[in-house]
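Chemist:
Numbering (my numbering), first residue to last: 67 to 744.
Take a look at the structure:
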C-alpha cells in the first residue's frame with residue numbers, strides 16, 4: 067500500500083514551468099483545476115494525466131526505490147540470479163573471476179548454446195529448470211528483480227477465504243438456502259441472494275447483518291457453493307448430492323467377473339432401416355470392472371426389454387464358438403489372449419471363435435430401470451447363479467465404469483461414423499445425414515471392440531507394481547486369467563438356442579424367407595418342401611418348422627432337425643455382400659496393434675476407418691436408390707391436375723362499374739385511414 071507521504075491530495079502544490087500551483091478541485095473526473103500559489107484569480111486547467119506527469123516524482127526522494135532490491139533473500143534465490151545473469155548477460159558467477167567461464171563467453175557462444183549448457187549444468191540439482199522455465203525466470207527478473215525470482219521460487223500460500231470473516235448467522239442462512247436447491251430447478255445467483263436477504267430480514271429485523279453489501283453477499287454465496295453445483299445443471303447437482311460424506315475408496319477388483327456392470331444408452335449415430343425410417347439405435351453393454359472387457363453387447367432398434375437382456379446375458383455366458391453369426395477378429399489372430407488355455411478350459415472355443423475374452427459374470431450391478439428389474443432378467447440371473455446388485459436411485463456413480471465406457475464409445479467410435487449426431491443437441495449438425503444401416507453399425511461395432519478397444523491402453527488398468535504403465539484390456543485379462551482361481555464352464559450351445567424366440571416358416575427350395583431375407587444351408591436338403599405333419603408344404607394341414615432367431619443378429623437363423631434333433635445353422639445369402647468389408651480386419655493381428663504395450667505405441671485404426679467409409683458409401687447409394695424409388699411411386703400415384711373451369715355468378719352479384727358510383731351519396735360511408743386507427 068502506498069504511504070500517505072507519497073499520495074497526491076487536493077491542496078498539494080505541484081511545480082509547473084518553475085511556478086508552484088495548488089490543486090484545488092477536479093472537474094468531471096478528467097480535468098484538474100489549479101491555482102497559482104499566492105494569487106487569487108490566476109487559474110490553470112489541465113488534464114489528470116498531465117497533472118500526474120508533473121507531480122509523479124515531485125515528492126519522491128531520489129533514494130526511494132521503485133521495487134525492493136535488497137533484503138534477506140534465500141541462498142537459492144541469489145544463486146538463481148547469478149545463473150540468469152551468466153546466461154543472458156555473460157556476468158561470471160564468481161565476482162573475483164577474471165573472465166567468463168568456458169561455454170558462457172558472449173563473444174564465442176550464442177544465447178541458445180549458453181541456455182543448453184546451463185540446463186545441463188543444473189540438471190540433478192534443486193535449481194534444475196527447463197529452457198522455457200529459464201526464459202520465464204529471466205522475464206520476471208527483468209520486470210521485478212530479485213523479488214520476482216523469490217516469488218517464483220517460493221510461492222506464498224493461498225489467502226484465507228473471505229467467508230471466514232463473515233457472521234456465522236449469515237453463513238448458516240446461506241447454507242440452508244443452497245441445500246434447499248438440491249432438487250429444485252436451476253436459478254440465478256441473484257435469485258439466491260434475494261432469498262437470503264429476505265430470510266435475514268425476517269429472522270433478524272433491524273440487525274446490521276441485513277445491510278450486507280450485494281457484492282459481499284455474492285462473494286459469500288460463491289464460496290459456499292463450491293462443490294454443490296447449485297447454479298449448474300440440475301442433474302449434476304442431484305448426482306453430486308448422492309455422494310457420501312466420507313473418504314472415497316477404489317472400486318477396482320482383481321478377479322475376473324467379480325464385479326460387472328450393465329447399462330443401455332442411445333448411440334450418437336442416426337441410421338435407417340430397410341423401410342427408410344430414420345432412428346438412433348440403443349446399445350447395451352455388459353462390462354467387467356477388473357479387466358475393462360465388455361462381456362457382451364447388443365445394438366437394438368428399439369428400447370430393449372428384460373427378454374433382450376436375458377439373451378445378452380446368455381451371450382456372455384455361452385462359448386464364443388457357440389454364438390454363430392458373429393463376424394470380427396478371429397481368436398486365432400490374437401497374440402495377447404491365452405488362446406490355448408482358454409480352449410482347454412472352454413471346449414466350445416476354437417480358432418474361429420470371436421477374439422473376445424471369455425468371462426463368467428459373478429455379480430452384475432444394475433440401475434432401477436424397469437427392463438433390468440424385470441422378472442425375466444432376474445430369473446435368468448438366478449438360473450445362472452449370478453448375484454444381482456441394485457444401484458441406489460439417481461446414483462450413476464455406483465456403476466461408473468460402464469457409464470464412462472459409453473463416453474469412450476461416443477468419442478472413439480460413433481463420431482467416426484457417417485451420420486454422427488454428437489453427444490448433445492448443441493453439437494448436432496445443421497442437417498441430419500443418415501447413411502449407415504443398422505447391420506453396418508453392428509458389424510462396425512463388433513470390429514471396433516475386437517480390434518481397437520480391446521488393444522488400446524486404458525487409463526484405469528494399472529498394475530500395483532508398475533503404476534506408471536497402462537495396460538490394454540486384453541493384456542489385463544491375460545494376466546488375471548492365468549493367475550485366477552479358475553472359471554466356470556459355459557453351458558451348451560443348445561441351451562442358448564433354446565432361449566431364442568421362434569417363428570414358423572416353410573423351408574422351400576430357395577431356403578427360408580424371414581424378415582425380407584433368405585437363409586439357407588446345405589443341411590436343409592431333406593427338409594425342403596416338407597412339413598411336420600406329412601401334408602404338402604403349401605396346404606392348410608401342413609405344419610411349418612419352428613426357426614430360432616436372434617433379435618440382435620440377423621446374419622443367421624437356426625432350425626432343429628425333427629429326427630436327429632441337431633441344430634442347423636442357416637446363414638443369410640447376402641451376408642457376403644454385407645460382411646466382405648470386414649475381412650481385412652480379421653487378418654490384422656493384435657500384436658501389431660499394441661506390441662509390447664509401451665505408452666508410445668497406439669493401436670492402428672486406419673484400416674477400420676477406411677472400411678467404415680467404404681461401407682458408408684455403399685449404404686449411401688442404397689439410401690439414394692430407396693429415396694428415388696419412393697419419389698417415383700409418389701409421382702405415379704399423384705392425381706393428374708384438373709383444368710380450371712369458370713363458373714357463373716349468381717344473379718344480383720354482377721359488379722357495377724366504378725364510374726357509375728355517386729361518391730357524394732348518403733348510401734356510401736367513406737372511411738379514411740386515420741379513422742381506422744385507434
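Beta carbons are placed, not taken as given, at the ideal position from N, Cα and C, and that holds for glycine.
Could you tell me the alpha carbon to alpha carbon distance between residue 26 and residue 323, rounded to whole angstroms?
Modeler: Summary: the structure shown does not reach residue 26, with the chain confined to residues 67 through 744, and so no result is reported for it.
Chemist: So if DSSP puts residue 353 in a beta bridge, which residue, or which two residues, is it bridged to?
Modeler: The count along the chain shown starts at 1 and reaches residue 353 at position 287. Beta-bridge pairing links residue 353 to 327, 360.
Chemist: What are the start and end residues of each continuous beta strand (DSSP E) run of 3 or more residues lying completely inside the stretch 440 to 466, in chain order?
Modeler: You should have 453 to 456.
Chemist: Evaluate residue 578 with the Cβ neighbour count: other Cβ atoms within 10 Å of its Cβ, from every protein chain shown; 16 or more gives buried, anything less gives exposed.
Modeler: Looking up residue 578 in the chain shown gives position 512. It counts as buried.
Chemist: By alpha-carbon positions, which one of 480, 338, 232 ends up nearest to residue 504?
Modeler: Stepping through the chain shown from its first residue, residue 504 is reached at position 438. With distances taken between Cα atoms, residue 504 lies closest to 338.
Chemist: Flag this pair as touching only if the stretch 242 to 251 and the stretch 288 to 300 have three or more C-beta atom pairs under 8 Å; answer yes or no.
Modeler: Yes, the stretch 242 to 251 is in contact with the stretch 288 to 300.
Chemist: For residue 571, which option in 598, 565, 560, 589 has the closest C-alpha, if you only look at C-alpha atoms?
Modeler: Along the chain shown, one-based indexing puts residue 571 at 505. Comparing Cα-Cα distances from residue 571 to each of 598, 565, 560, 589, the minimum goes to 598.
Chemist: Which residue comes first and which comes last in the alpha helix (DSSP H) that contains residue 177?
Modeler: Taking the chain shown and counting its residues from 1, the one referred to as residue 177 is at position 111. Counting along the chain, the alpha helix (DSSP H) containing residue 177 begins and ends at 177 to 188.
Chemist: With burial defined as no fewer than 16 other Cβ atoms inside 10 Å of the residue's Cβ, what is the status of residue 459: buried or exposed?
Modeler: By one-based count along the chain shown, residue 459 stands at place 393. It counts as exposed.
Chemist: DSSP puts residue 568 in a beta bridge; with which residues?
Modeler: Taking the first residue of the chain shown as position 1, residue 568 is located at position 502. The partner list for residue 568 (beta bridge, DSSP) reads 614.
Chemist: Could you pull out every unbroken alpha helix (DSSP H) segment of at least 4 residues lying fully inside the stretch 506 to 530, listed in chain order?
Modeler: Counting whole runs of 4 or more residues, the stretch 506 to 530 contains no alpha helix (DSSP H) stretch at all.
Chemist: Would you list the one or two residues that DSSP bridges to residue 99?
Modeler: For the purposes of this step, residue 99 is taken as residue 33 along the chain shown, with counting starting at 1. Residue 99 pairs with 91, 111.
Chemist: Classify residue 204 as helix, strand or coil using the three-state DSSP reduction.
Modeler: Translated into the one-based positions of the chain shown, residue 204 becomes position 138. Residue 204 falls in the helix class under three-state DSSP.
Chemist: Would you identify the three-state DSSP class for residue 286, choosing helix, strand or coil?
Modeler: Position 220 of the chain shown, counting from 1, holds the residue named residue 286. Residue 286 falls in the helix class under three-state DSSP.
Chemist: Taking one C-beta from the stretch 515 to 524 and one from the stretch 339 to 350 each time, how about it: are there three or more such pairs within less than 8 Å?
Modeler: Touching, no, given that fewer than three Cβ pairs across the two stretches are closer than 8 Å.
Chemist: In whole angstroms, give me the CA-to-CA distance for residue 184 and residue 194.
Modeler: As a working note, residue 184 is residue 118 in the chain shown. As a working note, residue 194 is residue 128 in the chain shown. Their Cα atoms are separated by approximately 9 Å.
Chemist: Where do the N-terminal and C-terminal ends of the alpha helix (DSSP H) with residue 276 fall, by residue?
Modeler: Residue 276 sits at position 210 when you count from the first residue of the chain shown. Unbroken run through residue 276: none, as it is neither H nor E.
Chemist: When you compare the CB positions of residue 325 and residue 429, do they come within less than 7 Å of one another, or not?
Modeler: Within the chain shown, residue 325 is the residue found at index 259, counting from 1. Within the chain shown, residue 429 is the residue found at index 363, counting from 1. For residue 325 and residue 429, yes; Cβs fall inside 7 Å.
Chemist: What does the alpha-carbon distance come out to for the pair residue 433 and residue 358?
Modeler: As a first step, residue 433 must be located in the chain shown, where it is residue number 367. As a first step, residue 358 must be located in the chain shown, where it is residue number 292. Looking at the two C-alpha atoms, the distance is approximately 19 Å.
Chemist: Kindly confirm or deny that the stretch 531 to 550 and the stretch 369 to 376 touch, where touching means at least three C-beta pairs closer than 8 Å.
Modeler: No, the stretch 531 to 550 is not in contact with the stretch 369 to 376.
Chemist: Using a threshold of 7 Å, state whether the C-beta atoms of residue 537 and residue 546 are closer than that.
Modeler: To locate residue 537, count along the chain shown from 1; it is residue 471. To locate residue 546, count along the chain shown from 1; it is residue 480. No.
Chemist: Between which two residues does the alpha helix (DSSP H) containing residue 586 stretch?
Modeler: Counting from one through the chain shown, the residue named residue 586 turns up at place 520. From DSSP, residue 586 is part of no alpha helix (DSSP H) but of the beta strand (DSSP E) over 583 to 586.
Chemist: Would you tell me roughly how many angstroms separate the C-alpha atoms of residue 449 and residue 381, rounded to the nearest one?
Modeler: Looking up residue 449 in the chain shown gives position 383. Looking up residue 381 in the chain shown gives position 315. Rounded to the nearest angstrom, the two C-alpha atoms are 14 Å apart.
Chemist: Within 10 angstroms of the Cβ of residue 81, are there 16 or more other Cβ atoms? Answer buried if so, exposed if not.
Modeler: In the chain shown, counting from the first residue as 1, residue 81 sits at position 15. Residue 81 is exposed by the Cβ-count criterion.
Chemist: If you draw a straight line from the alpha carbon of residue 362 to that of residue 636, how long is it in whole angstroms?
Modeler: Along the chain shown, one-based indexing puts residue 362 at 296. Along the chain shown, one-based indexing puts residue 636 at 570. Cα-Cα distance, rounded: 23 Å.
Chemist: I need the boundaries of the alpha helix (DSSP H) containing residue 106, first residue and last residue.
Modeler: Residue numbering aside, residue 106 sits at position 40 when the chain shown is read from its first letter. Unbroken run through residue 106: none, as it is neither H nor E.
Chemist: How about residue 475 and residue 686: are their beta carbons less than 7 Å apart?
Modeler: For the purposes of this step, residue 475 is taken as residue 409 along the chain shown, with counting starting at 1. For the purposes of this step, residue 686 is taken as residue 620 along the chain shown, with counting starting at 1. Contact: no.
Chemist: To the nearest angstrom, how far is the alpha carbon of residue 92 from that of residue 84?
Modeler: Within the chain shown, residue 92 is the residue found at index 26, counting from 1. Within the chain shown, residue 84 is the residue found at index 18, counting from 1. Taking the straight line joining both Cα atoms gives about 22 Å.
Chemist: Can you give the beta carbon distance from residue 239 to residue 229, rounded, assuming they're within the 8 Å contact cut?
Modeler: Within the chain shown, the letter at position 173 stands for residue 239. Within the chain shown, the letter at position 163 stands for residue 229. Not quite, the Cβ-Cβ distance comes to about 12 Å (not below 8 Å), so this is no contact.
Chemist: On the three-pair Cβ rule with 8 Å, is the stretch 168 to 178 touching the stretch 210 to 219?
Modeler: Cβ pair count under 8 Å is below three, so no.
Chemist: Nearest to residue 633 by CA position, among 576, 147, 563, is which residue?
Modeler: Translated into the one-based positions of the chain shown, residue 633 becomes position 567. The candidate whose alpha carbon is nearest that of residue 633 is 563.
Chemist: Report the three-state DSSP secondary structure of residue 76 (helix, strand or coil).
Modeler: Taking the first residue of the chain shown as position 1, residue 76 is located at position 10. Coil at residue 76, not helix or strand.
Chemist: Using only the alpha-carbon positions, how far apart do residue 90 and residue 148 sit?
Modeler: Here residue 90 corresponds to residue number 24 of the chain shown, with the count starting at 1. Here residue 148 corresponds to residue number 82 of the chain shown, with the count starting at 1. Straight-line Cα distance between these residues: approximately 50 Å.
Chemist: Cβ atoms of residue 103 and residue 86: under 7 Å apart, would you say?
Modeler: What you label residue 86 is simply residue 20 of the chain shown in a count that begins at 1. What you label residue 103 is simply residue 37 of the chain shown in a count that begins at 1. Cβ distance < 7 Å, so residue 86 and residue 103 count as in contact.
Chemist: Tell me, which residues are paired with residue 85 by DSSP?
Modeler: Position 19 of the chain shown holds residue 85. Bridge partners of residue 85: 82.
Chemist: What residue range does the beta strand (DSSP E) around residue 580 cover?
Modeler: Indexing the chain shown from 1 puts residue 580 at position 514. Per DSSP, residue 580 belongs to the beta strand (DSSP E) from 578 to 580.
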